[in-house]
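Enquirer: I am attaching a structure below and will ask some questions about it afterwards.
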Amino acid sequence: MFSCKGGIGKTTVAAHLAGAYALQGYDVLLVDLDPDRNLRKLFIKDQTSDDETASLYLPAHRKGFIGSTITVLKAEEWDERQYPDVKIVICDCSPVLSENPSRFIRRFDHCLIPTTLSPLGIAKNGDVITRSFRHIRSINHAAALHTLINCYIDDGAFAKRNRLLLSALETHIRDYQKEDSNCQLIDPKDARIRRNDNLLYWGYRIVDGSMPRLAFNEVLGRSVPRTDVLQLAEYLEIKTSIRDMHKPLASEPSAAAA
1 MFSCKGGIGK TTVAAHLAGA YALQGYDVLL VDLDPDRNLR KLFIKDQTSD DETASLYLPA
61 HRKGFIGSTI TVLKAEEWDE RQYPDVKIVI CDCSPVLSEN PSRFIRRFDH CLIPTTLSPL
121 GIAKNGDVIT RSFRHIRSIN HAAALHTLIN CYIDDGAFAK RNRLLLSALE THIRDYQKED
181 SNCQLIDPKD ARIRRNDNLL YWGYRIVDGS MPRLAFNEVL GRSVPRTDVL QLAEYLEIKT
241 SIRDMHKPLA SEPSAAAA
């Protein structure tokens with residue numbers, strides 16, 4: 001998970017995508033590459049502890065699935081030989097490329113680049129996306145690059161505006177595809193993360209001291225964040241080789257869904 005722009009929900013999406021795979025029975029590793037360690041802070045009980053294991057167990061959300069565990073590691077804690085059965089590794093990157101260890105970026109099979117549909121900044125956002133593509137490509141020449149719309153307003157009143165903003169973003173990406181065809185914009189009809197108050201305030205537990213959890217709590221019997229990240233996980237499994245990409249043990253990490 002990378003973007004050269006901060007504040008677009010990268011950490012939130014990374015954590016909840018990991019949750020989607022955990023709900024499906026995968027043991028998932030989240031590797032916190034950002035020096036701020038925000039991801040780790042969201043998964044530990046004691047904010048002053050450097051030794052506490054950052055992890056979260058998610059019970060199955062429906063019949064036919066088993067629950068699983070998300071474990072958060074610092075970059076220096078990763079040793080692939082200790083996790084031979086883990087098939088999904090998600091890296092939450094710093095927006096500053098040089099702060100991310102290149103040994104991780106070189107192993108990315110996929111890179112998700114979240115963005116928002118901002119009416120005032122769509123031209124700038126398009127440039128942010130293509131610069132993010134180029135940053136990853138400067139180290140990794142093979143990873144599939146996916147742009148994901150975050151904080152999507154799924155409301156008929158915004159349909160026309162969404163179409164215009166998506167069209168502008170698509171133009172930026174099509175221009176970049178002339179030099180790199182292995183990148184794409186994920187159509188919001190296939191997968192997107194909708195704007196949701198539960199996601200917006202997910203990190204509030206750092207302030208109020210509540211227990212670590214994901215924003216999967218149900219309102220009127222449904223959870224929009226859970227639905228959206230499960231749809232994203234399904235999209236990645238169908239459209240990519242994510243089911244088959246567990247690699248043999250090596251000295252460097254296998255960042256399956258970075």
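Note that the sequence shown covers residues 1 to 258 in my numbering.
Every residue, glycine too, gets a C-beta built ideally from N, C-alpha and C.
The beta strand (DSSP E) with Q231 in it runs from where to where?
Expert: Here Q231 belongs to no beta strand (DSSP E); instead the alpha helix (DSSP H) covers 224-239.
Enquirer: Cβ of A303 within 8 Å of Cβ of L232?
Expert: Absent from the model: residue 303. The displayed extent of the chain is 1 to 258, so no value can be given.
Enquirer: Roughly how many angstroms separate the alpha carbons of S132 and I113, rounded to a whole number?
Expert: 8 Å
Enquirer: Can you tell me which of the three DSSP states T171 falls into?
Expert: helix
Enquirer: For the candidate residues Q177, R106, E77, L39, whose alpha-carbon lies nearest to that of S138?
Expert: R106
Enquirer: Helix, strand or coil for Y57? Go by DSSP, reduced to three states.
Expert: strand
Enquirer: For R194, which beta-bridge partners are listed by DSSP?
Expert: Y152
Enquirer: Determine the DSSP secondary structure at K74, reduced to helix, strand or coil.
Expert: strand
Enquirer: From what residue to what residue does the beta strand (DSSP E) around T115 run?
Expert: 110-115
Enquirer: So what does DSSP say about L214, is it helix, strand or coil?
Expert: Coil.
Enquirer: Determine, using beta carbons only, whether I186 and Y235 come nearer to each other than 8 Å.
Expert: yes
Enquirer: Can L97 and L29 be called in contact, C-beta distance under 8 Å?
Expert: At the C-beta level, L97 and L29 stay beyond 8 Å of one another.
Enquirer: Starting from I186, trace the alpha helix (DSSP H) in both directions and tell me its first and last residue.
Expert: It is not in any alpha helix (DSSP H) - I186 carries neither H nor E in the DSSP assignment.
Enquirer: According to DSSP, is D92 part of a helix, a strand, or is it coil?
Expert: strand
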